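Engineer:
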Amino acid sequence: MTQVLPEKAAAEKGFRRPTGNSRWRKWLPDLGQSRGTTPPPAMDARTLFALAILLLLVQLPHLLHLPPWVSLIGATLIGLRLVLLKRPDYPLLGTILSPASVTLLAIACAWLIRVDYGYFIGRDPCVAFLFILVAAKFAEVRRPGDATMLLCLAAFLLLTQYFYSQTILAALVTLPAVIALAHALAILRDPNNPAHTREQLKLVITLLIQGLPLATLLFLVFPRLPGPLWSLPEDAAASTGLSDSMSPGSIGQLSQSDAVAFRVEFDGAIPASRDRYWRGPVLSEFDGRRWSVSPRLLEANARFQGEAADIIDYTVTLQPHNQRWLFALDAAVSLPRADLPSTRLANDTAVVTQTASTMGTDQTRSGRQRAGKAMGRLMSDGQMLATSPVTQVLRYRQSSVLLDTISASRQPPDSTLFLPGTNERSSRFAMELRQRLPSDSAYAQAILQHFNQQPYHYTLQPQLLGDAPVDEFLFDTMAGFCEHYAAAFVVLMRSVGIPARVVTGYLGGEMNEDYMIVRQSDAHAWAEVFIEGAWRRYDPTGAVAPSRVEQGLSAALPDDSFVPRLARLDKGWLSDAQLRWDALNHQWQRLVVDFDNDTQDGLWERLGLPKPELWQVTAIVLALTGLWCTVVLGVPRFSRSPMLADERSWQRLCELLRRRQLVRKPAETPAEFLQRAALAWPAQAGRLHQLQEQFANLRFRALSEAEQRQRQTEVRQLLTRLRWSLPGGSESLTTNS
Amino acid sequence: MNQPAPTRSRQPSSQGVASLERMPAAELGEVLAQLERILMGKSEQTTLALACLLARGHLLIEDVPGVGKTTLAHALGATLGLDWTRVQFTSDLLPADVVGVSIFNSHNQQFEFKPGPVFTSILLADEINRAPPKAQSALLEAMEERQVTVDGVSHALAEDFFVIATQNPGDQLGAFPLPESQLDRFLVGLEIGYPDPATERALLEHGDMRADVASLEPLLDARQIQRWRKQCDKVHLSSPVLDYIQALLLASRTAGTGLSPRAGLSLVKLCRAFAFIQQRDHVLPDDVRHVFPALAGHRMTGHVRSGHQHARELLQQVSMP
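Chains as they are written, first to last, in my numbering: chain A, 9 to 745; chain B, 452 to 772.
1) For B/A649, count neighbouring Cβ atoms within 10 angstroms of its own Cβ and tell me buried if that reaches 16, exposed if not.
2) Under 8 angstroms Cβ to Cβ from A/A382, same chain only, skipping five residues before and after it: list those, please.
3) Over what stretch of residues does the alpha helix (DSSP H) that includes A/P339 continue unbroken?
4) Taking DSSP as the reference, what is the three-state secondary structure of A/I320?
5) Does the segment 319-327 of chain A come close enough to the segment 427-439 of chain A that 3 or more CB-CB pairs lie under 8 angstroms?
6) Is A/A685 near the ligand SAH - that is, is its Cβ less than 7 angstroms away from at least one heavy atom of it?
7) The alpha helix (DSSP H) that contains B/D737, what's its start and end?
8) Give the DSSP bridge partners of A/T512, in chain order.
9) If we define contact as Cβ-Cβ less than 8 angstroms, is A/R709 a contact residue for chain B?
10) Could you run through the segment 659-687 of chain A and flag, in chain order, every residue whose CB is less than 9 angstroms away from some CB of chain B?
11) Where A/Q400 and A/Q462 are concerned, what is the direct C-alpha to C-alpha distance, given to the nearest angstrom?
12) Output yes if chain A places a C-beta closer than 8 angstroms to the C-beta of B/V692; else output no.
13) For A/R385, which residues does DSSP report across the bridge?
14) Residue range of the beta strand (DSSP E) that A/L402 falls in?
15) Helix, strand or coil for A/W333? Go by DSSP, reduced to three states.
16) Under a Cβ-count criterion, where at least 16 other Cβ atoms within 10 Å of its own Cβ denotes burial, should B/N580 be classed as buried or exposed?
17) What are the boundary residues of the alpha helix (DSSP H) that B/M594 is part of?
18) So if I threshold CB-CB distances at 8 angstroms, which residues from the segment 756-769 of chain B count as touching chain A?
19) Would you kindly work out how many angstroms separate the C-alpha atoms of A/A585 and A/V181, rounded to a whole number?
20) Tell me which residues share the same chain as A/F497 and place their Cβ nearer than 7 angstroms to its Cβ, disregarding the 5 neighbours each side in the sequence.
21) I'd like the list of long-range same chain contacts for A/N593, defined as Cβ closer than 7 angstroms, with 5 residues on each side in sequence excluded.
22) Measure from the C-beta of A/A704 to each C-beta in chain B and report whether the shortest distance is under 8 angstroms.
23) Taking C-alpha atoms, which residue in B/E596, B/D635, B/G748, B/T522 lies nearest to B/L575?
24) Using a C-beta to C-beta distance shorter than 7 angstroms, which residues of chain A count as neighbours of B/H525?
25) Let's test the definition: count the other Cβ atoms within 10 Å of the Cβ of A/F481 and tell me whether it reaches 16, buried, or not, exposed.
26) Counting only beta-carbon separations shorter than 8 angstroms, does B/S703 have a partner in chain A?
27) Are the Cβ atoms of A/L393 and A/R403 separated by less than 8 angstroms?
28) Can you tell me whether DSSP reads A/D293 as helix, strand or coil?
29) Determine the DSSP secondary structure at A/R287, reduced to helix, strand or coil.
30) Can you tell me where the alpha helix (DSSP H) holding A/H594 begins and where it ends?
31) A/G288: buried (16+ other C-beta within 10 angstroms of its C-beta) or exposed?
32) Could you round the C-beta distance between A/R544 and A/D389 to whole angstroms and report it? I think they count as a contact, below 8 angstroms.
33) Pick out whichever of A/E558, A/V123, A/V537, A/M519 has its Cα sitting closest to the Cα of A/L587.
34) Checking 8 angstroms against the spacing of the C-beta atoms, do A/A487 and A/A533 come in under that value?
35) Is A/D484 helix, strand or coil by DSSP?
36) Looking only at its own chain, which residues have a Cβ that is under 6 angstroms from the Cβ of B/D602, when we skip the five neighbours before and after it?
Structure follows, in structure tokens:
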């Protein structure tokens, strides 16, 4: 803002000079101060007000992610313009909102945004700049013609909101803005219509509702572009999730979050909770304190020797975590593929037939590979990497076999044996133990027993560890979280020359309706040891706290420790509601947001139709649009005038009596007719008389709107009561139904 | 420079809603009761006569002598506090006998206008179809223009000038029937008819009410009548009722002499006045049906009695929208 002030002062000076430079004056707002010249037609207050409301509603969803100062400037500009509307003779304000000073403000803001974000070409700064520009345009708007442009800008700004979130909530938040947009359009379309705002809103909402079927139709059949419309430069945004390194306490911290890591839909049976090891980054590099991902990774083939019937197929919906790894149940036997509903079925039948005929190993896999395009690679350490960092919600198909042993074709790299030599006590302990035992596997079992029998315990709040964290943990504190146990286990293995590595990922997951939610609180670390030519999974946490593996985090921790609410065992109604909401959002993501051109092709297939040509789609859309317009415009019931409401009620009453053999003569007045009805049913005479009064008032009297509405309600109640109390009422109802 | 700021605040519009001040229920009731006391058993006719007066129209009564035409005029005048005059129309009546005449005043050597009986509030023109057309038209012009012109000088009539003309049924001898165009100037055509047996019995028992008329207290004055007329104009006429009125006018034109647009306007006025007398601020279709024969009968056939019959048939044919 400080950049703006000198300019403002200059503009003011130039303005106050009565015989000012004509070049200057051209840029200053003409608000009637320049006597003698006729002011250009100004935008009327109603349009301006509608636009202000629209822009504020459009700005609202952006407030969540914009820097506060940007939001403040944007809202202030709109507020100032409204003040100017009320006080057009306030000279300073007019100068501030002149095109020249607003342009300077926008330039200053661009610079500030560059400073604030550190870069300019990217999603966040560009949206922030657009936000400022739209508000600035509104601030200096004078001519009525600018309104259309502002509407387009507002619509675009509203769309950018979806760069950040595409959940149901995000869609709902934009709904008021959409209504305001339609309202502003209606005002622009018919500026002289003095209809009340409420009436106009009613009209606009009716129009929007009438447009819904058309929007749905276009959503379903309008040809889609493959892939996103434009790819945005990535913004470094912090998000929770596993990282490419692990130090004591890092997973413990992650467990405090009940954010969703990913969701899984299983095609068949759901694996038992102790088998739900979701493999993530594999950490083989160790520097004495930190574990990290090996920088040299080779691509591997997804191999599986065994029965194809053991294969578990599922679909993962991964939340963006800005890293490249994808998660799969241990061990993955396919590459992640795009999720195609139509090919899924065909593919599965292919698998079954192949299993029946052959052993079905590599062929099965290659058969699976053909289905969709691969979305990532499988590395030699069993870790899956996407082709690019996951910055948007990603859905992929995956197949796994529940195995805790992965046979390796090549020798483990040396890095899986490396120890920096800081944990001497552990090494000594390991050597002594190994010498007493016959085999590597017996040694591994012995260590698990050691964890189990010695007073180790499982806690989220371990003590801080010093330079030799493994030594301190193993012999001094004896309390830790899964990463402590996994790290210590691997160190003990490597100390005696057995290759070992830490695997991070998630263990567990919770079923919600028909899919599984895996949360950050399920984050876990375990060990893999290379014994007898295969990588074998050892989970030392299971030896200390078996319930962590069987039942999840909260079962393994003492009651008083902090566990995220949604990871707890006993859940309140709030968690229930949250899970429902999650299920809804998951469906939304699956059915609406992920509806792309592949899904669209699947839609035609499901209808049993060949994929139509573009002209056929156009013809279908035009025909259905025409049909719908005929329905909407042709049915006169849609015109809602209060007069017609009375007529409808009156027709209902006539129909009601006609069914009971009392037909109104054409020349009969309502009063005469109802008097005749009262003679026919003397028991209902009072009610009929009341109706007669009400109708006489409703149809023939000038009533205020409120009274009219109230009387209409009364008439409806009377009609309902009359329908039930007239003889033959129930009969006619049953015959109707 | 001290220009007052334009006032933005607007009162919530009350136009059309509760447009009438308090309905003068008590006064109306009293007036109707008094009229009926004089003209026993004829509330129908007295109400219509009052409606006609409030609608600024003129009244034509067609009936045999002796059923109370004069009494009605007398009662109206006395109750409403208006002065009234009676002119007996005869075959030798001259226009000057009705409107007045200019007489040469020998004192000041000038013509002086001597106003005729038409300069009054209520004029009872008895047996109007006995007079020759010239005299009839003099009266009818006065009714329409509410002024008379004698020797090039116009003289305005009373503000609430109201003519009650009576005529004998057309088949009597020595009558000059009013042409249709003249009949159109009467808002309402009524029959009084013989009293029903019970009323007649009471009449015979208690004697003539005319003696009482002289002792009647006026319940209203001219100013109040003006106020009521203004209130009548504000009575709400909804669009279904207007549709109905229009349908009636259309139907009348397909058979016989149709109703003129002036008749349509008069019908609207009469409906409003009638609804007002019923103490309503809106017109019901029932009001239209009630007043329609009185308004349309004499216009469509030239005779009140046959006209009423014709109008009732028409009402049965036109459907309520």
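Cβ coordinates follow ideal geometry from the N, Cα and C atoms, glycine included. Quick caveat, the model's predicted, so the values are computed rather than measured.
Structural biologist: With the structure as the only source:
1) Locating residue 649 of chain B in the second sequence gives position 198, where the first residue counts as 1. With a threshold of 16 other beta carbon atoms within 10 Å, B/A649 falls short and is exposed.
2) Indexing the first sequence from 1 puts residue 382 of chain A at position 374. Excluding sequence neighbours, A/A382 sits near L343, P344, R345.
3) Counting from one through the first sequence, the residue named residue 339 of chain A turns up at place 331. Reading the sequence as shown, one finds Ala at residue 339 of chain A and not Pro. Here A/A339 belongs to no alpha helix (DSSP H), and DSSP marks it neither H nor E.
4) By 1-based counting over the first sequence, the position of residue 320 of chain A is 312. Note: A/I320 maps to strand in three-state DSSP.
5) The segment 427-439 of chain A makes no contact with the segment 319-327 of chain A: fewer than 3 CB pairs, one atom from each, lie closer than 8 angstroms.
6) Of ligands this structure carries none, so the ligand SAH is not represented either.
7) Here residue 737 of chain B corresponds to residue number 286 of the second sequence, with the count starting at 1. Residues 736-752.
8) For the purposes of this step, residue 512 of chain A is identified with residue 504 of the first sequence, where counting begins at 1. Residue pairing by DSSP puts A/T512 in a beta bridge opposite A/A533.
9) For the purposes of this step, residue 709 of chain A is identified with residue 701 of the first sequence, where counting begins at 1. Yes, contact with chain B.
10) Taking 9 angstroms as the Cβ-Cβ cut-off against chain B, the residues of the segment 659-687 of chain A that qualify are R672, K673, P674, A675, E676, T677, P678, A679, E680, F681.
11) For the purposes of this step, residue 400 of chain A is taken as residue 392 along the first sequence, with counting starting at 1. For the purposes of this step, residue 462 of chain A is taken as residue 454 along the first sequence, with counting starting at 1. Their Cα atoms are separated by approximately 45 angstroms.
12) Here residue 692 of chain B is taken as the residue at index 241 of the second sequence, counted from 1. Yes, because at least one Cβ of chain A sits closer than 8 angstroms to the Cβ of B/V692.
13) Here residue 385 of chain A refers to the residue found at position 377 when the first sequence is read from its first residue. DSSP lists A/L393 as partners of A/R385.
14) For the purposes of this step, residue 402 of chain A is taken as the residue at position 394 of the first sequence. In the DSSP assignment, A/L402 falls within the unbroken beta strand (DSSP E) covering 402-408.
15) Numbered from its first residue, the first sequence carries residue 333 of chain A at position 325. Here A/W333 sits in strand by DSSP.
16) Position 129 of the second sequence holds residue 580 of chain B. Buried.
17) Position 143 of the second sequence, counting from 1, holds the residue named residue 594 of chain B. First-last of the alpha helix (DSSP H) with B/M594: 584-596.
18) Per Cβ criterion, the list reads L766, Q767, Q768, V769.
19) Mapped onto the first sequence, residue 585 of chain A falls at position 577. Mapped onto the first sequence, residue 181 of chain A falls at position 173. Using only the alpha carbons, I get a separation of about 20 angstroms.
20) Your numbering for residue 497 of chain A matches position 489 in the first sequence. Taken in chain order, the residues that qualify are I455, A535, Y546, P548.
21) The residue labelled residue 593 of chain A in the question sits at position 585 within the first sequence. For A/N593, where only same-chain residues beyond five positions count, the Cβ hits under 7 angstroms are T175, I176.
22) Residue mapping note: residue 704 of chain A aligns to position 696 of the first sequence, counting from 1. At least one CB of chain B lies nearer than 8 angstroms to the CB of A/A704.
23) To locate residue 575 of chain B, count along the second sequence from 1; it is residue 124. Minimum Cα distance to B/L575 is reached at B/T522.
24) Counted from its first residue, the second sequence places residue 525 of chain B at position 74. Close partners of B/H525 in chain A (Cβ separation under 7 angstroms) are lacking, with about 35 angstroms as the shortest Cβ gap.
25) Here residue 481 of chain A refers to the residue found at position 473 of the first sequence. Here A/F481 is buried. Its C-beta has 16 or more other C-beta atoms within 10 Å.
26) On the second sequence, position 252 is the one that residue 703 of chain B refers to. So, not an interface residue.
27) One-based indexing of the first sequence puts residue 393 of chain A at position 385. One-based indexing of the first sequence puts residue 403 of chain A at position 395. No.
28) By one-based count along the first sequence, residue 293 of chain A stands at place 285. Contrary to the premise, residue 293 of chain A reads as Glu rather than Asp in this sequence. DSSP places A/E293 in strand when its eight states are reduced to three.
29) As a working mapping, residue 287 of chain A is identified with position 279 in the first sequence. A/R287: strand per DSSP, three-state reduction.
30) Translated into the one-based positions of the first sequence, residue 594 of chain A becomes position 586. Segment 581-596, the alpha helix (DSSP H) holding A/H594.
31) Within the first sequence, the letter at position 280 stands for residue 288 of chain A. In summary, A/G288 is buried, with 16 or more beta-carbon neighbours lying within 10 Å of its beta-carbon over all protein chains present.
32) In the first sequence, the residue the question calls residue 544 of chain A occupies position 536. In the first sequence, the residue the question calls residue 389 of chain A occupies position 381. Between A/R544 and A/D389, the beta carbon gap of about 14 angstroms keeps them out of contact (Cβ cut-off 8 angstroms).
33) Sequence index remark: in the first sequence, residue 587 of chain A carries index 579 (1-based). Ranking A/E558, A/V123, A/V537, A/M519 by Cα distance to A/L587 puts A/M519 first.
34) For the purposes of this step, residue 487 of chain A is taken as residue 479 along the first sequence, with counting starting at 1. For the purposes of this step, residue 533 of chain A is taken as residue 525 along the first sequence, with counting starting at 1. A/A533 sits away from A/A487, with the two beta carbons spaced by 8 angstroms or more.
35) In the first sequence, counting from the first residue as 1, residue 484 of chain A sits at position 476. When DSSP states are grouped into helix, strand and coil, A/D484 belongs to the helix group.
36) Start at 1 with the first residue of the second sequence, and residue 602 of chain B comes out as number 151. So the qualifying residues of the chain are S553.
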